[in-house]
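**Student:**
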Amino acid sequence: MKGIRLLFAVGGRLAPAGTERRAAALFTKPFASSRTRARDAALAGATKQTLRIGDCDIATYAWGDPASEPYVLFAHGWSSHGTRVVPWVAPLRAAGYAVVAFDHRAHGNSSGSDANLVAFTELLLEIGRRHGPAAAVIGHSLGGAATALALSRGLAAERAILIAPAADPVDAARRFARLIGMAEYLCARMVAGFERRVGISFEQLQAHRAAPQIGRPALIVHDLDDREVPWSEGERYARYWPQARLISTRGLGHKRIVDDSSVIAAGLRFLRGEDVGERVVSSPNLPYGFA
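And the structure:
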């Protein structure tokens with residue numbers, strides 16, 4: 016990482032345009048390990064299909080029959096894959112749900128070379144349209160952000176569970192820039208370039224703008240020790256989402272929280288209609304105005 020930071024620090028001064036392009040490519044390219052882990056994942060009982068959506072072949076997975084059973088749709092996080100939902104499958108099947116998951120473009124067994132939140136949201140909407148209204152949707156990390164945006168744009172699901180959800184692409188870009196040692200002004204230029212390409216500003220994708228528009232119950236689960244997506248981002252969803260409740264864990268971090276048996280059990284109780292977690296009450300001193 017020191018070498019990368021030095022490269023971007025020097026490149027930012029000597030060749031800013033090229034450095035910005037290199038950073039943008041890195042920002043939108045998932046780790047190759049996503050594909051390896053998807054290939055090695057256990058798929059007992061799953062029906063795998065490949066759907067042509069847009070310019071990509073998208074790998075989908077189904078446990079049970081989503082056409083005849085109430086189903087739960089799962090959206091994975093950055094550099095992850097759809098079969099990350101496997102720890103949830105047996106409990107959900109026992110509760111009477113089918114389960115549907117997919118690999119986002121450039122992830123897992125799907126084709127493509129780059130990805131972003133807008134494309135993830137559009138793909139989630141398309142998967143939802145193809146399968147019809149879901150009993151619930153579960154999103155982890157970037158998949159949590161895509162879940163909220165998709166729900167605010169018409170994704171049909173009765174309930175939502177967001178696990179360690181990313182809430183702010185503006186802050187995510189800044190964290191990325193700090194990680195690689197890129198100057199703040201180059202980060203701003205990189206973001207502006209993305210905004211031109213996707214036709215929407217990063218600010219419009221922030222959680223406090225989408226969450227108030229969602230009229231569905233939600234459970235937000237976030238770990239206080241999460242080093243990848245700060246706990247405050249999950250808490251932001253809970254504040255601005257009118258029917259959301261928050262569970263704060265400790266010691267599970269960003270990844271193990273998905274597999275934790277107590278988190279899965281809480282999710283199942285939530286799907287049964289129980290009050291799980293706490294309602295976060297707004298205050299007049301919110302950083303983004305009143306919820």
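Numbering-wise (my numbering), the sequence shown opens with residue 16 and increments by one.
The beta-carbon is built from N, C-alpha and C at its ideal position, and this holds for glycine as well.
Computed from a prediction, not measured in an experiment: that's the story for all the values here.
#1: Suppose you measure from the CA of Ser94 to the CA of Ala56; what does that come to, to the nearest Å?
#2: DSSP has Thr264 in a bridge; who is on the other side?
#3: Hey, Ala74 and Asp129 are a contact pair by Cβ (cut 8 angstroms); roughly how many whole angstroms apart?
#4: What's the C-alpha gap between Arg284 and Val104?
#5: Terminal residues of the continuous alpha helix (DSSP H) containing Gly282?
#6: Look up Thr43 in the DSSP assignment and say whether it is helix, strand or coil.
#7: Can you give me the C-alpha to C-alpha distance between Pro106 and Ile279, rounded to a whole angstrom?
#8: I'd like to check one pair, Thr162 with Ala90: are the Cβ atoms closer than 7 angstroms?
#9: Span of the beta strand (DSSP E) holding Gly158?
#10: Hey, how far is the Cα of Leu267 from the Cα of Pro102?
#11: For Cys202, does the count of other Cβ atoms within 10 angstroms reach 16, so buried, or fall short, so exposed?
#12: Are the CB atoms of Pro148 and Gly249 nearer to each other than 7 angstroms?
#13: Using a 10 Å radius around the Cβ and a threshold of 16 neighbouring Cβ atoms, would you call Phe46 buried or exposed?
#14: Could you give the first and the last residue of the continuous beta strand (DSSP E) run that contains Val114?
#15: I'd like the span of the beta strand (DSSP E) that includes Arg231, first residue to last.
#16: Kindly list the residues whose CB is nearer than 7 angstroms to the CB of Ile272, restricted to its own chain and excluding five residues on each side of it in sequence; keep chain order.
#17: Let me confirm a value: Arg28 is counted as buried when at least 16 other C-beta atoms fall within 10 Å, else exposed. Which label applies?
#18: When burial is assigned at 16 or more other CB atoms within 10 Å of the CB, is Glu35 buried or exposed?
#19: Roughly how many angstroms separate the alpha carbons of Gly196 and Glu289, rounded to a whole number?
#20: Tell me the DSSP secondary structure of Glu293 in three-state form.
#21: Would you kindly report the start and end of the unbroken alpha helix (DSSP H) that includes Ile98?
#22: Along the chain, where does the alpha helix (DSSP H) containing Arg224 start, and where does it finish?
#23: Helix, strand or coil for Gln219, going by three-state DSSP, please let me know.
#24: Cutting at 8 angstroms between CB atoms, please list the residues of its own chain near Ala40, excluding the five before and the five after it.
#25: Which of the three DSSP states, helix, strand or coil, is assigned to Arg204?
**Tutor:** This is what the structure gives:
#1: 14 angstroms
#2: Asp238
#3: That belief does not hold up - the Cβ atoms of Ala74 and Asp129 are roughly 17 angstroms apart, past 8 angstroms.
#4: 15 angstroms
#5: 276-286
#6: coil
#7: 8 angstroms
#8: yes
#9: Unbroken run through Gly158 is the alpha helix (DSSP H), 157-167; no beta strand (DSSP E).
#10: 15 angstroms
#11: buried
#12: no
#13: exposed
#14: Per DSSP, Val114 belongs to the beta strand (DSSP E) from 113-117.
#15: Here Arg231 belongs to no beta strand (DSSP E), and DSSP marks it neither H nor E.
#16: The beta carbon of Ile272 is closer than 7 angstroms to those of Ile178, Ala179, Val236, Asp238, Thr264, Val278 in its chain, skipping five residues each way along the sequence.
#17: exposed
#18: buried
#19: 46 angstroms
#20: Glu293 sits in a strand when the DSSP states are folded into three classes.
#21: Note that residue 98 is Thr in the sequence shown, not Ile. Thr98 -> no alpha helix (DSSP H), and no H or E assigned at all.
#22: 222-225
#23: helix
#24: Asp129
#25: helix
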